[in-house]
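>
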Amino acid sequence: MSSPATPVARVVVDLPLPHLDRTFDYLVPDALTERAVPGCRVRVRFAGQLVSGYLLDRTASSDHTGRLSPLAKVVSSEPVLTPEVARLGRAVADRYAGTLADVLRLAIPPRHAAAEREPGVPVPPPVPPPDAGAWSAYPTGAGFVSALADGAGPRAVWTAAPGPDWPDLLARAVAATRSAGRGAVVVAPDHRDVARIDAALTDLLGPDQHVVLAADLGPKERYRRWLRVLRGQVSAVVGTRAAAFAPVTDLGLVAVWDDGDDLHAEPRAPYPHVREVLALRSYLDGTGLLVGGFARTAEGAALVAEGYARSLVPDRAVLRAAAPRVRAADDAPGGSRGESDDAALARGARLPTLAWRTARDALRDGPVLVQVPRSGYLPAVACARCRTRAGCADCRGPLALAGRAGAPACRWCGRAYPTWSCGECGATQVRAAVVGAGRTAEELGRAFPSVRVVSSGGSTGVLTGVDSHPALVVATPGAEPVAEGGFAAALLLDAWALLDRADLRAGEETLRRWLAAAALVRPADAGGRVVVVADASVPAVQALVRWDPVGFADRELADRQAAGLPPARRTAVLRGTEDAVRDLLGLAELPATAWVLGPVPVGDGQVQAVAGVPRRDGLRLAAALRAAAGVRSARKATDPVSVHIDPVALS
DNA sequence: ATCGTCATTTGT
DNA sequence: CAAATGACGATC
131 MSSPATPVAR VVVDLPLPHL DRTFDYLVPD ALTERAVPGC RVRVRFAGQL VSGYLLDRTA
191 SSDHTGRLSP LAKVVSSEPV LTPEVARLGR AVADRYAGTL ADVLRLAIPP RHAAAEREPG
251 VPVPPPVPPP DAGAWSAYPT GAGFVSALAD GAGPRAVWTA APGPDWPDLL ARAVAATRSA
311 GRGAVVVAPD HRDVARIDAA LTDLLGPDQH VVLAADLGPK ERYRRWLRVL RGQVSAVVGT
371 RAAAFAPVTD LGLVAVWDDG DDLHAEPRAP YPHVREVLAL RSYLDGTGLL VGGFARTAEG
431 AALVAEGYAR SLVPDRAVLR AAAPRVRAAD DAPGGSRGES DDAALARGAR LPTLAWRTAR
491 DALRDGPVLV QVPRSGYLPA VACARCRTRA GCADCRGPLA LAGRAGAPAC RWCGRAYPTW
551 SCGECGATQV RAAVVGAGRT AEELGRAFPS VRVVSSGGST GVLTGVDSHP ALVVATPGAE
611 PVAEGGFAAA LLLDAWALLD RADLRAGEET LRRWLAAAAL VRPADAGGRV VVVADASVPA
671 VQALVRWDPV GFADRELADR QAAGLPPARR TAVLRGTEDA VRDLLGLAEL PATAWVLGPV
731 PVGDGQVQAV AGVPRRDGLR LAAALRAAAG VRSARKATDP VSVHIDPVAL S
């Protein structure tokens with residue numbers, strides 16, 4: 131028996147230390163040479179300990195000058211780390227100043243040996259090209275779908291027309307991709323949306339062409355389904371966050387629905403965002419990309435602005451026909467002089483008269499959605515008189531109350547404001563943005579005594595759907611059920627609580643939630659009405675009234691450009707003890723274009739610093755921070771610094 | 001955790 | 001001036 135041609139295994143060790151984020155060479159013993167295939171899980175002796183890893187590939191020789199240790203064990207020959215996912219994982223780690231091992235922990239589910247032993251399932255038959263369906267309501271929609279059916283990789287940021295069609299449109303994009311013999315990945319923020327897309331795919335293609343990957347399946351079922359994807363037995367995947375890394379063979383399309391939802395932001399290091407992972411994937415593998423939602427994020431607008439993706443929007447006439455009539459009612463409840471009966475009742479419900487009348491009239495025709503804010507947001511600080519959000523004069527960050535009775539301070543740059551005056555009206559008093567949500571259902575019940583009131587979200591659990599009978603449906607954002615035949619009306623309440631969030635994306639996030647609720651309402655011609663209780667001069671309110679998420683996103687992007695915020699600039703938020711953060715910043719050779727704010731205390735003995743660079747220097751920023759983290763970890767520096775690139779909430 | 005490297009100490 | 005010792009850093 132001669133020795134094999136490739137006796138060396140390049141191994142990624144599963145350790146979280148940045149300075150060990152590279153491959154290590156091991157000698158493949160003759161006894162393991164058959165089983166030690168590229169992509170398989172292995173165990174190796176590393177610095178005296180037995181650690182897990184992935185065999186990246188086999189080579190004839192090693193650059194390493196010292197002696198090579200033997201591979202200790204091949205855990206399984208299943209090639210779970212495909213070359214595509216290895217490359218994607220490397221790119222995601224580089225983008226987010228993280229390690230490949232950390233990304234692979236997100237991308238590859240834990241092994242379940244019993245699931246691995248099970249026999250495969252038959253590959254489903256080919257799919258015929260679908261017709262464009264409701265995509266024909268979009269001037270470039272049919273072209274997008276037919277490009278996918280031709281096996282091309284079109285890229286689009288899609289702003290969906292209101293209504294219940296969107297899962298079907300996603301399913302048609304997947305079907306077109308499958309008809310070209312290629313695979314697809316669709317990621318949605320939560321299980322309800324995954325279930326809707328799953329249902330649409332089943333309607334269009336039957337149950338066998340796709341698989342649902344979700345975190346709540348249990349380890350065995352999760353791994354079983356993931357293996358079906360890995361083994362090429364199924365080529366269309368719909369799922370939550372982690373599905374973005376699904377090892378689909380011959381991938382032709384990656385899609386994300388509602389990319390503004392925070393659930394798309396991974397909470398574990400290195401904190402990658404689904405949209406960014408999929409955009410990278412489309413770039414690396416030349417696949418189609420579909421970034422969709424009723425709203426458009428500034429990041430989506432940036433993909434269009436830089437020419438990476440086309441804007442996919444409904445024809446203006448179609449939009450007019452599909453959207454409800456939206457009006458703004460300002461905050462003041464009830465009428466003024468010579469109060470009518472209506473106004474008195476409205477006052478009891480703490481509703482503007484317009485909102486109350488709209489609900490009353492719509493309740494003759496069907497269910498009415500009432501969107502109320504979730505409780506528990508960090509209170510930002512606003513002017514006590516005119517309610518304008520208090521912002522930092524230096525960096526435009528949000529002001530928040532530092533302690534119980536402390537002065538307002540900027541949450542980004544730390545500047546304190548012992549005295550403050552409102553830029554709009556000159557008042558010097560501030561108030562915390564108070565969130566009052568719980569009482570709403572109760573008060574509405576009193577204002578509409580004969581009407582059924584149901585709740586969704588919060589402590590009551592989430593409803594998926596309601597029937598077409600009159601009812602008040604009180605829901606928190608993201609928990610709105612679908613109504614059979616659409617809601618007759620929606621009231622969007624306590625807008626200031628949403629707009630006051632101490633967050634860079636407050637306006638964008640507020641509009642996203644409003645659009646999601648308003649999209650569940652019947653078209654204007656069918657009587658659909660929406661009342662948003664907010665000052666009509668607020669840009670998010672205007673964008674809702676005119677149903678113009680694209681214009682809003684373009685302005686948001688321009689504002690962020692002017693303010694030097696993501697996505698125009700790439701930012702890194704560093705958190706840890708003061709010594710650790712200063713140590714890291716001292717070691718990091720940041721690009722010359724970088725600015726640094728802070729560090730400022732964020733409580734718990736931790737501080738935060740923010741570094742920003744122009745977008746084109748983003749990889750350099752991440753590389754510098756990762757190198758500095760590597761130096762620290764090589765020195766066995768204890769107190770860690772978390773590095774978070776372009777966090778969703780810059781606060 | 002363990003091993004190798006290299007500077008320093010120690011014994012002749 | 002060679003062998004022994006130990007601090008340090010890399011870890012294949």
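Per my numbering, the very first residue in the first sequence carries number 131; after that it's consecutive. Where a beta carbon is used, it is the ideal one built from N, C-alpha and C, also for glycine. None of these values were measured; they are calculated from a predicted model.
1) Would you call the CB atoms of V711 and V771 closer than 8 Å?
2) Would you mind stating whether G581 and A613 have Cβ atoms separated by less than 8 Å?
3) Checking 8 Å against the spacing of the C-beta atoms, do V443 and A366 come in under that value?
4) May I have the straight-line CA-CA distance separating L717 from A758, to the nearest angstrom?
5) Would you kindly work out how many angstroms separate the C-alpha atoms of G694 and A520, rounded to a whole number?
6) Within this structure, are the beta carbons of L574 and Y547 separated by less than 8 Å?
7) Mind the definition here: the region 490 to 499 touches the region 716 to 732 only if three or more C-beta pairs lie below 8 Å; say whether that holds.
8) Cutting at 6 Å between CB atoms, please list the residues of its own chain near V253, excluding the five before and the five after it.
9) Between the C-alpha atoms of L157 and E164, what's the straight-line distance to the nearest angstrom?
10) Please classify W265: does DSSP put it in a helix, a strand, or coil?
11) Return the Cβ separation of A310 and L343 in integer angstroms, given the expectation that the two are a contact with Cβ distance under 8 Å.
12) Could you tell me the distance, in whole angstroms, from the CA atom of T768 to the CA atom of V222?
13) Alpha carbon to alpha carbon, what distance is there between V138 and L162?
14) With respect to the alpha helix (DSSP H) encompassing H321, which residues constitute its N-terminal and C-terminal limits?
15) Just to confirm the assignment, what range does the alpha helix (DSSP H) spanning P731 have?
16) For the alpha helix (DSSP H) holding D689, just list the boundary residues, first then last.
17) Under the assumption that A764 contacts V743 (Cβ atoms under 8 Å), give the Cβ distance between them as a whole number of angstroms.
18) Check for me: the beta strand (DSSP E) holding G742 runs from which residue to which?
19) To the nearest angstrom, report how far apart V500 and G637 are at their CA atoms.
20) Please state the DSSP three-state secondary structure of Q559.
21) V407 and A374: beta carbons closer than 8 Å?
22) Relative to the alpha-carbon of L780, which residue among T701, K766 and T707 has its alpha-carbon at the smallest distance?
23) Quick check on the DSSP output: the beta strand (DSSP E) that includes A221 runs from which residue to which?
24) Would you decide whether H194 is buried or exposed? Buried here means 16 or more other CB atoms lie within 10 Å of its CB.
25) So what does DSSP say about K350, is it helix, strand or coil?
26) Thinking C-alpha only, which one of G178, V668, A301 and A646 is nearest A329?
27) Report the option in T594, V404 and L641 whose CA atom is closest to the CA atom of P503.
28) With 16 other CB atoms within 10 Å as the buried threshold, where does P679 fall?
29) Answer yes or no: do P721 and R699 have a C-beta to C-beta separation smaller than 8 Å?
30) Within its chain, find whatever has a CB closer than 8 Å to the CB of V434; leave out the 5 residues flanking it on each side and keep chain order.
31) Below 8 Å on the Cβ atoms is my contact criterion, and I expect G430 with D389 to pass it. Report the Cβ-Cβ distance as a whole number of Å.
32) Return yes when the Cβ of P292 is within less than 8 Å of the Cβ of A453, no when it is not.
33) Going by DSSP, which residues form a beta bridge with L704?
34) Alpha carbon to alpha carbon, how far is D232 from P148?
35) Which stretch, first to last residue, makes up the beta strand (DSSP E) that contains D153?
36) Starting from the C-beta of P209, find all residues in its chain whose C-beta is less than 7 Å away, skip the five residues before and the five after it, and write them out in chain order.
Quick answer:
1) In the first sequence, counting from the first residue as 1, residue 711 sits at position 581. In the first sequence, counting from the first residue as 1, residue 771 sits at position 641. Yes, Cβ-Cβ distance for V711 and V771 is below 8 Å.
2) Along the first sequence, read from residue 1 onward, the residue named residue 581 stands at position 451. Along the first sequence, read from residue 1 onward, the residue named residue 613 stands at position 483. Note on identity: in this sequence residue 581 is Val, with Gly being the wrong assignment. No.
3) For the purposes of this step, residue 443 is taken as residue 313 along the first sequence, with counting starting at 1. For the purposes of this step, residue 366 is taken as residue 236 along the first sequence, with counting starting at 1. Their beta carbons are not under 8 Å apart, which means V443 does not touch A366 by this criterion.
4) Counted from its first residue, the first sequence places residue 717 at position 587. Counted from its first residue, the first sequence places residue 758 at position 628. For L717 and A758, the distance between alpha carbons rounds to 5 Å.
5) To locate residue 694, count along the first sequence from 1; it is residue 564. To locate residue 520, count along the first sequence from 1; it is residue 390. Distance between the alpha carbons of G694 and A520: 19 Å.
6) One-based indexing of the first sequence puts residue 574 at position 444. One-based indexing of the first sequence puts residue 547 at position 417. Not in contact: L574 and Y547 (Cβ atoms no closer than 8 Å).
7) Output reads no: the region 716 to 732 does not touch the region 490 to 499.
8) Translated into positions along the first sequence, residue 253 becomes position 123. Residues of the same chain with a CB within less than 6 Å of the CB of V253, apart from the 5 flanking positions on each side, are Q363 in chain order.
9) Position 27 of the first sequence, counting from 1, holds the residue named residue 157. Position 34 of the first sequence, counting from 1, holds the residue named residue 164. Each residue's alpha carbon lies about 13 Å from the other.
10) Here residue 265 refers to the residue found at position 135 of the first sequence. Of the three classes helix, strand and coil, the one that applies to W265 here is helix, per DSSP.
11) Mapped onto the first sequence, residue 310 falls at position 180. Mapped onto the first sequence, residue 343 falls at position 213. Your pair A310 and L343 does not check out as a contact, with CB atoms roughly 22 Å apart and the cut at 8 Å.
12) Here residue 768 corresponds to residue number 638 of the first sequence, with the count starting at 1. Here residue 222 corresponds to residue number 92 of the first sequence, with the count starting at 1. The C-alpha of V222 is placed about 25 Å away from the C-alpha of T768.
13) For this step, residue 162 is matched to residue 32 along the first sequence. For this step, residue 138 is matched to residue 8 along the first sequence. Answer to the nearest angstrom: the Cα atoms are 12 Å apart.
14) Taking the first sequence and counting its residues from 1, one reaches residue 321 at position 191. Its alpha helix (DSSP H) spans residues H321 to L335.
15) Counting from one through the first sequence, the residue named residue 731 turns up at place 601. P731 -> not in any alpha helix (DSSP H); beta strand (DSSP E) instead, spanning W725 to G733.
16) In the first sequence, counting from the first residue as 1, residue 689 sits at position 559. Judged by DSSP secondary structure, D689 falls within the alpha helix (DSSP H) whose first and last residues are P679 to A693.
17) Here residue 764 corresponds to residue number 634 of the first sequence, with the count starting at 1. Here residue 743 corresponds to residue number 613 of the first sequence, with the count starting at 1. Between the beta-carbon of A764 and that of V743 there is about 25 Å, and that puts the pair past the 8 Å contact cut.
18) Numbered from its first residue, the first sequence carries residue 742 at position 612. G742 -> beta strand (DSSP E) spans Q736 to P744.
19) In the first sequence, counting from the first residue as 1, residue 500 sits at position 370. In the first sequence, counting from the first residue as 1, residue 637 sits at position 507. Their Cα atoms are separated by approximately 20 Å.
20) On the first sequence, residue 559 is found 429 positions in, with the first residue counted as 1. The answer is coil: DSSP assigns Q559 none of H, G, I, E or B.
21) For the purposes of this step, residue 407 is identified with residue 277 of the first sequence, where counting begins at 1. For the purposes of this step, residue 374 is identified with residue 244 of the first sequence, where counting begins at 1. Their beta carbons are under 8 Å apart, which means V407 touches A374 by this criterion.
22) Indexing the first sequence from 1 puts residue 780 at position 650. Answer by Cα proximity: T701.
23) The residue you call residue 221 lines up with position 91 of the first sequence. Per DSSP, A221 lies in no beta strand (DSSP E) segment; the continuous alpha helix (DSSP H) that holds it begins and ends at P213 to R225.
24) Locating residue 194 in the first sequence gives position 64, where the first residue counts as 1. Exposed is the call here.
25) As a working note, residue 350 is residue 220 in the first sequence. Judged by DSSP in its simplified three-state form, K350 adopts helix.
26) Counting from one through the first sequence, the residue named residue 329 turns up at place 199. Considering only alpha carbons, the answer is A301.
27) Reading the first sequence from its first residue, position 373 is the one you call residue 503. Closest by alpha carbon: L641.
28) For the purposes of this step, residue 679 is identified with residue 549 of the first sequence, where counting begins at 1. Residue environment for P679: buried (at least 16 other C-beta atoms within 10 angstroms of its C-beta).
29) Position 591 of the first sequence, counted from the first residue, corresponds to residue 721. Position 569 of the first sequence, counted from the first residue, corresponds to residue 699. No; because the gap between Cβ atoms is not below 8 Å, this pair is not in contact.
30) As a first step, residue 434 is located in the first sequence; it is residue number 304 there, counting from the start. V287, R440 and S441, listed in sequence order.
31) Indexing the first sequence from 1 puts residue 430 at position 300. Indexing the first sequence from 1 puts residue 389 at position 259. Between G430 and D389 the beta-carbon gap is near 6 Å, inside 8 Å, which marks them as a contact.
32) As a working note, residue 453 is residue 323 in the first sequence. As a working note, residue 292 is residue 162 in the first sequence. Yes, these two residues count as a Cβ contact at 8 Å.
33) Residue numbering aside, residue 704 sits at position 574 when the first sequence is read from its first letter. Checking the DSSP bridge columns, you'll see L704 partnered with A739 and V773.
34) Looking up residue 232 in the first sequence gives position 102. Looking up residue 148 in the first sequence gives position 18. Each residue's alpha carbon lies about 10 Å from the other.
35) For the purposes of this step, residue 153 is identified with residue 23 of the first sequence, where counting begins at 1. Checking the sequence shown, residue 153 turns out to be Thr, not Asp. Boundaries of the beta strand (DSSP E) around T153: T153 to L157.
36) Along the first sequence, read from residue 1 onward, the residue named residue 209 stands at position 79. Cβ contact annotation for P209 (same chain, cutoff 7 Å, sequence separation greater than five): V167, P168, G169 and C170, in chain order.
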